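Novice:
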Amino acid sequence: MKIRKSSAFDGTEIEKIHIKAFGKEKGSEIADLVDGLFNDKTATPLLSLVAVEGEQLIGHILFTNATLTQTTEPVSAQILAPLAVLPDTQSKGVGGQLIEEGLTRLKETGVELVFVLGHPDYYPRYGFIPAGKKGYEAPYPIPEEHAGAWMVQELSAGIIGRIIGKVRCSDVLNQPEHWRE
Ligand SMILES: CC(C)(COP(=O)(O)OP(=O)(O)OC[C@H]1O[C@@H](n2cnc3c(N)ncnc32)[C@H](O)[C@@H]1OP(=O)(O)O)[C@@H](O)C(=O)NCCC(=O)NCCS
Numbered sequence: 003m004k005i006r007k008s009s010a011f012d013g014t015e016i017e018k019i020h021i022k023a024f025g026k027e028k029g030s031e032i033a034d035l036v037d038g039l040f041n042d043k044t045a046t047p048l049l050s051l052v053a054v055e056g057e058q059l060i061g062h063i064l065f066t067n068a069t070l071t072q073t074t075e076p077v078s079a080q081i082l083a084p085l086a087v088l089p090d091t092q093s094k095g096v097g098g099q100l101i102e103e104g105l106t107r108l109k110e111t112g113v114e115l116v117f118v119l120g121h122p123d124y125y126p127r128y129g130f131i132p133a134g135k136k137g138y139e140a141p142y143p144i145p146e147e148h149a150g151a152w153m154v155q156e157l158s159a160g161i162i163g164r165i166i167g168k169v170r171c172s173d174v175l176n177q178p179e180h181w182r183e
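Here the working numbering is used: position 67 in the sequence shown is 69, and no number is missing along the way.
Okay, structure coming up:
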């Protein structure tokens with residue numbers, strides 16, 4: 003399995019991964035979100051990686067630009083959304099490798115904080131911790147019962163606990179439907 007940046011030719015295969023991983027209805031919405039983010043200037047800089055086995059794309063992860071507002075210091079931040087692995091190849095570490103490769107590449111480009119709204123039992127395996135308690139407000143209020151799903155990870159030591167703020171994401175991701183259960 004190899005991980006590489008996605009290219010414009012991968013669009014259809016990426017769409018299929020999300021539809022198969024999330025199911026037809028939710029997957030189509032996610033595929034539209036990905037397409038929208040690829041065309042959203044406010045989502046840049048973005049990092050889109052695919053996991054490839056032989057000729058087949060088996061996983062996709064997307065990180066897009068985020069901004070910290072109401073803060074004392076500017077911070078370089080990104081949001082992870084979405085991540086999907088083909089059902090046949092799940093639980094073999096592909097998702098984890100996509101996250102880790104993404105974080106490594108983001109760190110190399112100077113990104114300091116990465117946010118995610120996702121499964122609170124999954125992302126902590128890869129270093130994410132609850133973000134609300136650390137003073138990072140999500141673009142839309144997260145209901146108390148889902149507070150653990152809003153997570154952050156620092157790629158530069160000493161940011162968490164020192165700098166807080168409200169997260170603003172790209173225009174396409176900044177739609178309320180992407181922040182509901
Ligand atoms: C979530 C997902 C990306 C993980 O990909 P993967 O390649 O299977 O992940 P990994 O192999 O790194 O990790 C697998 C482990 O995560 C666990 N896991 C998967 N989804 C999980 C979830 N929603 N909550 C908690 N744990 C989860 C698996 O049970 C497995 O556990 P094990 O190692 O104890 O067997 C994949 O299951 C997927 O595409 N799911 C559908 C789409 C989705 O929910 N995307 C995430 C949106 S936040």
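All C-beta atoms in this analysis are idealised placements derived from N, C-alpha and C, irrespective of residue type, glycine included.
For clarity, every value in this text was computed on a predicted model and none was experimentally measured.
Tell me whether Ile81 sits in a helix, a strand or coil according to DSSP, three-state version.
Specialist: In the structure shown, Ile81 sits in a strand (DSSP, three-state: E or B).
Novice: On a Cα-Cα basis, can you pick out the residue from Leu157, Gly112, Asn67 that is closest to Phe184?
Specialist: Because the chain is modelled from 3 through 183, residue 184 falls outside the range shown and cannot be assessed.
Novice: Assign Ser172 to one of three DSSP states: helix, strand, or coil.
Specialist: Here Ser172 sits in coil by DSSP.
Novice: On the criterion of 16 or more Cβ atoms from any shown chain inside 10 Å, does Ala79 qualify as buried, or is it exposed?
Specialist: Buried, since its Cβ has 16 or more Cβ neighbours within 10 Å.
Novice: Among Gln58, Ser8, Thr69, which has the Cα closest to the Cα of Lys168?
Specialist: With distances taken between Cα atoms, Lys168 lies closest to Thr69.
Novice: Does the distance from the C-beta atom of Thr66 to that of Leu175 stay below 9 Å?
Specialist: Result yes, Cβ atoms of Thr66 and Leu175 sit closer than 9 Å.
Novice: State the Cα-Cα distance for the pair Val36 and Tyr138, rounded to the nearest angstrom.
Specialist: Each residue's Cα considered, the two are about 24 Å apart.
Novice: Taking DSSP as the reference, what is the three-state secondary structure of Ala33?
Specialist: Ala33: helix per DSSP, three-state reduction.
Novice: Starting from Ala68, trace the beta strand (DSSP E) both ways and give me its first and last residue.
Specialist: Counting along the chain, the beta strand (DSSP E) containing Ala68 begins and ends at 58 to 71.
Novice: With which residues is Phe117 paired in a DSSP beta bridge?
Specialist: Looking at the DSSP assignment, Phe117 forms a beta bridge with Ile81, Val154.
Novice: Quick check on Asp173 - is its C-beta less than 9 Å from some C-beta in chain B?
Specialist: Within the model displayed, chain B is absent; a lone protein chain is all it includes.
Novice: What does DSSP give as the partner residue(s) for Leu51 in the beta ladder?
Specialist: Bridge partners of Leu51: Lys7, Ile63.
Novice: Going by the CB atoms, is the gap between Trp152 and Leu119 shorter than 9 Å?
Specialist: Yes, these two residues count as a Cβ contact at 9 Å.
Novice: Report the CB separation of Gln58 from Val116 in whole angstroms; it is logged as a contact under 8 Å.
Specialist: In fact, because the Cβ distance is near 27 Å, the residues do not count as touching under 8 Å.
Novice: Span of the alpha helix (DSSP H) holding Arg107?
Specialist: Taken as a continuous stretch (DSSP letters only), the alpha helix (DSSP H) holding Arg107 covers 96 to 110.
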